[in-house]
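Participant:
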Amino acid sequence: MNILLINGPNLNLLGRRETDLYGDTTLIELESNLQLMAKSHGCMLECLQSNAEHHLIDAIHNATTDNIKAIIINPAAYTHTSIAIRDALLGVNIPFYEVHISDIYSREKFRHFSYLSDIAEKVFCGLGIKGYEEALLEAISKYKGI
Ligand code: DQA
Numbered sequence: 032m033n034i035l036l037i038n039g040p041n042l043n044l045l046g047r048r049e050t051d052l053y054g055d056t057t058l059i060e061l062e063s064n065l066q067l068m069a070k071s072h073g074c075m076l077e078c079l080q081s082n083a084e085h086h087l088i089d090a091i092h093n094a095t096t097d098n099i100k101a102i103i104i105n106p107a108a109y110t111h112t113s114i115a116i117r118d119a120l121l122g123v124n125i126p127f128y129e130v131h132i133s134d135i136y137s138r139e140k141f142r143h144f145s146y147l148s149d150i151a152e153k154v155f156c157g158l159g160i161k162g163y164e165e166a167l168l169e170a171i172s173k174y175k176g177i
């Protein structure tokens with residue numbers, strides 16, 4: 032079973048960026064830990080990070096040809112702005128989990144709204160990087176074998 036992990040803008044700075052909010056694990060560490068976890072469950076995790084909205088959209092479109100069964104996405108700031116990413120996820124009709132490292136609801140008001148939450152399988156918010164692990168385990172238990 033293949034799962035796709037998508038991280039949006041500025042998440043390439045994980046481990047260095049606002050560590051009080053986002054912690055000190057780097058993106059490479061995060062991705063390789065999740066890939067190991069997926070492998071131990073007999074699954075393949077493809078990882079992509081981009082600062083460009085159209086790359087994220089292209090990755091969502093390509094997921095249909097890569098036989099991806101579920102998507103885990105932290106759209107970062109695009110969460111609060113991108114109807115295009117919402118439309119891409121609706122367009123491919125692949126179940127997805129939305130992850131936010133920080134608790135967006137206890138931060139600035141402009142972060143309280145997500146264009147994705149109402150169509151996500153589930154939202155993992157404010158759990159630090161553990162949110163990605165929980166999303167991965169949930170995707171594996173729900174979609175493995177389908
Ligand atoms: C974030 C929250 C967003 O508001 C912010 O723009 C990010 C990261 C999070 O993981 O907590 O870049 O998605």
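Those letters in the sequence shown? Residues 32 to 177, by this note's numbering. Cβ coordinates follow ideal geometry from the N, Cα and C atoms, glycine included. Just so we're clear, the structure is a prediction, and the values are computed from it rather than from any experiment.
Put A94 into one of helix, strand or coil per three-state DSSP.
Facilitator: Numbered from 1 along the sequence shown, position 63 holds the residue referred to as residue 94. Looking at A94 - three-state DSSP - the assignment turns out to be coil, as it is neither helix nor strand.
Participant: For Q66 and N38, which I take to be in contact (beta-carbon distance under 8 angstroms), what is that distance rounded to the nearest angstrom?
Facilitator: Position 35 of the sequence shown, counting from 1, holds the residue named residue 66. Position 7 of the sequence shown, counting from 1, holds the residue named residue 38. In fact, because the Cβ distance is near 13 angstroms, the residues do not count as touching under 8 angstroms.
Participant: I want to check one thing, is the minimum distance from the CB of A90 to the heavy atoms of the ligand DQA below 7 angstroms?
Facilitator: Translated into the one-based positions of the sequence shown, residue 90 becomes position 59. No.
Participant: Round the Cβ separation of L58 and L35 to the nearest angstrom and send it over; I've been treating them as touching at under 8 angstroms.
Facilitator: Position 27 of the sequence shown, counting from 1, holds the residue named residue 58. Position 4 of the sequence shown, counting from 1, holds the residue named residue 35. Rounded, the Cβ-Cβ distance is 15 angstroms, inconsistent with contact.
Participant: Measure how close the beta-carbons of L167 and I103 come, nearest whole angstrom, since I'm counting them as under 8 angstroms.
Facilitator: In the sequence shown, the residue the question calls residue 167 occupies position 136. In the sequence shown, the residue the question calls residue 103 occupies position 72. Right, the Cβ-Cβ distance comes to about 6 angstroms (below 8 angstroms), so this counts as a contact.
Participant: Ends of the beta strand (DSSP E) at A101?
Facilitator: Sequence index remark: in the sequence shown, residue 101 carries index 70 (1-based). A101 -> beta strand (DSSP E) spans I99 to N105.
Participant: Among N93, E152 and K153, whose alpha-carbon lies nearest the alpha-carbon of N33?
Facilitator: The residue given as residue 33 occupies position 2 in the sequence shown. Comparing Cα-Cα distances from N33 to each of N93, E152 and K153, the minimum goes to N93.
Participant: What three-state label does DSSP hand K153 in the structure shown?
Facilitator: If you number the sequence shown from 1, residue 153 lands on position 122. If DSSP states are grouped into helix, strand and coil, K153 belongs with the strands.
Participant: Please determine if the region 134-148 and the region 105-125 are in contact, where contact requires at least 3 C-beta pairs separated by less than 8 angstroms.
Facilitator: The region 134-148 vs the region 105-125: in contact.
Participant: In whole angstroms, what separates the C-alpha of A193 from that of V154?
Facilitator: Because the chain spans 32 through 177 in this model, residue 193 falls outside it and cannot be assessed.
Participant: Between N33 and the ligand DQA, is there a pair consisting of the residue's CB and a ligand heavy atom that are separated by less than 7 angstroms?
Facilitator: Residue 33 sits at position 2 when you count from the first residue of the sequence shown. It does not: the Cβ of N33 is nowhere closer than 7 angstroms to a heavy atom of the ligand DQA.
Participant: Going by beta carbon distance, what residues of the same chain come within less than 6 angstroms of G162, once the five residues before and after it are set aside?
Facilitator: For this step, residue 162 is matched to residue 131 along the sequence shown. Same-chain partners within the cutoff: V130 and F155.
Participant: Which residues are close to the ligand DQA, meaning CB closer than 6 angstroms to any heavy atom, in chain order?
Facilitator: That query returns the following residues: N41, N105, A107, A108, T110, H131, I132, S133, I135 and R142.
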